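> Numbering (this note's numbering), first residue to last: 432 to 821.
A virtual CB, placed ideally from N, CA and C, is assigned to each residue, including glycine.
Quick caveat, the model's predicted, so the values are computed rather than measured.
In structure tokens form, the structure reads like this:
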């Protein structure tokens, strides 16, 4: 089927119009373009590195004239000095020759007799040596010996074969002499345990400062030297050796009453003996032992900061056995202040539980048995601000 005539004309018309527009754009399209910006041109000169370095150097100052010609002074005309009009000097007459006088003879020098040299038998006085200055005394601070316990009065360590006890007594054994007088009870030597008056620490050191400083000795005056005659050879002298002084004997110790005499006196006096205490008292408890007990119970004490019981102070008393175990029935409230009855009961319960818990954890309180009478009954203050023993 061939296209119609009108359809072919439409294609030709469109093609002709398109080509005509393209031709017109090519011809007149440049008319509507904006004028281009003018191109700026600048002259550039290429320099080498040597020329650039020469240009960058500062201009050198002009050289000053090294030598300046000094102005030449005009020569002054020579003026001849005018000779003074003076008369010629007179001719001197020759002086008469002086006749030399005879030299007077010098008198002979008198010959002085030489005095005999004086020889003295005494040697010149030598400077006395300076007296020896004793060394300054050092202030020695006595340091007490360390001991296992502290007592008001120091006690010497007991003998190796003596038994530790509160009273001092000598050992007594029956013999022939005592059997004839009275029946003597045999006893063993006892002595108290070694003690000191204070706790000896490692920080205590004896002072090494001198108690007084000695005044330096004055410098001796030097004697005026005198001319001494030639010394004669002295015979060799032998120094006598002094024998060492014998050491003074030790002072005799006072005779202590023997055990036999003590036993005889006891037997003649009726055999009365001082009653032994039921409980070992021993020395007072040290601050370290008291603090150890307080800290042990304080570690088991539970405080509730928000409860009224935390403001209550209670005093609890209790008793211990000789082995350091708690007697449960001995726990009692001694004193309380700072709260009502309910808060006081809660505070007492907490303190009582702390004592029982601490004693159970440690299987008893580790206290010295020789001081049982000192810690058998204990009163402990449970204060929230700080626990203490009373």
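I'd like the list of long-range same chain contacts for residue 774, defined as Cβ closer than 7 Å, with 5 residues on each side in sequence excluded.
The residues are 739, 740 and 743.
> From which residue to which residue does the beta strand (DSSP E) around residue 813 run?
808-813
> From the DSSP output, in three-state form, read off residue 744 for me.
Residue 744: strand per DSSP, three-state reduction.
> If you drop the 5 nearest sequence neighbours on each side, which residues of the same chain put their C-beta closer than 6 Å to that of residue 808?
These residues qualify, in order along the chain: 750.
> Relative to the C-alpha of residue 745, which candidate in 814, 479 and 460 has its C-alpha closest?
814
> Could you check whether the segment 785-797 touches the segment 755-762, counting it as contact only if at least three pairs of C-beta atoms, one from each stretch, sit closer than 8 Å?
yes
> Restricting to Cα atoms, I'd like to know which of 783, 778, 804 and 727 is closest to residue 714.
804
> Who are the Cβ neighbours of residue 463 in its own chain at under 7 Å, not counting the five residues just before and after it?
none
> Which class does residue 462 belong to by DSSP, given the choice of helix, strand or coil?
helix
> In terms of residues, what are the limits of the alpha helix (DSSP H) holding residue 724?
718-730
> Helix, strand or coil for residue 794, going by three-state DSSP, please let me know.
Correct three-state label for residue 794: coil.
> Closer than 6 Å by C-beta to residue 782: which residues in its own chain qualify, once you throw out the five before and the five after it? Chain order, please.
745, 747 and 813
> Considering only the alpha carbon of each residue, which of 737, 727, 753 and 734 lies closest to residue 806?
Nearest C-alpha to residue 806: 753.
> Between residue 764 and residue 779, what straight-line distance do the alpha-carbon atoms span, to the nearest angstrom?
7 Å
> Excluding five sequence neighbours on each side, which residues of the same chain lie with their C-beta closer than 8 Å to the C-beta of residue 381?
There is simply no residue 381 to check, as the chain begins at 432 and stops at 821 in what is shown.
> How far does the alpha helix (DSSP H) with residue 484 in it reach, from first residue to last?
480-487
> Is the CB-CB distance between residue 731 and residue 785 below 7 Å?
Taking 7 Å as the Cβ cut-off, residue 731 and residue 785 qualify as a contacting pair.
> What are the boundary residues of the beta strand (DSSP E) that residue 764 is part of?
763-768
> Express the C-alpha separation of residue 470 and residue 479 in angstroms, rounding to a whole number.
28 Å
> Could you check the C-alpha separation between residue 450 and residue 437 for me, to the nearest Å?
20 Å
> Where residue 485 and residue 457 are concerned, what is the direct C-alpha to C-alpha distance, given to the nearest angstrom?
So the two alpha carbons sit approximately 57 Å from each other.
> Put residue 750 into one of helix, strand or coil per three-state DSSP.
Strand.
> Quick check on DSSP: helix, strand or coil for residue 819?
strand
> Compute the Euclidean distance between the alpha carbons of residue 769 and residue 726, then round it to the nearest angstrom.
Looking at the two C-alpha atoms, the distance is approximately 23 Å.
> What does DSSP give as the partner residue(s) for residue 757 in the beta ladder?
751
> Skipping 5 residues on each side, what residues in its chain have a beta carbon closer than 6 Å to that of residue 483?
None.
> Taking the straight line between their C-alpha atoms, what separation do you get for residue 460 and residue 441?
27 Å
> Is it buried or exposed for residue 728, if we count other Cβ within 10 angstroms and need 16 for buried?
buried
> Between which residues of its own chain and residue 810 is the CB-CB distance below 8 Å, once the five residues before and five after are set aside?
These residues qualify, in order along the chain: 746, 747, 748, 765, 820 and 821.
> Would you mind working out which of 799, 489 and 816 sits nearest residue 719, comparing C-alpha positions?
799
> Can you give the Cα-Cα distance for residue 724 and residue 817, rounded to whole angstroms?
14 Å
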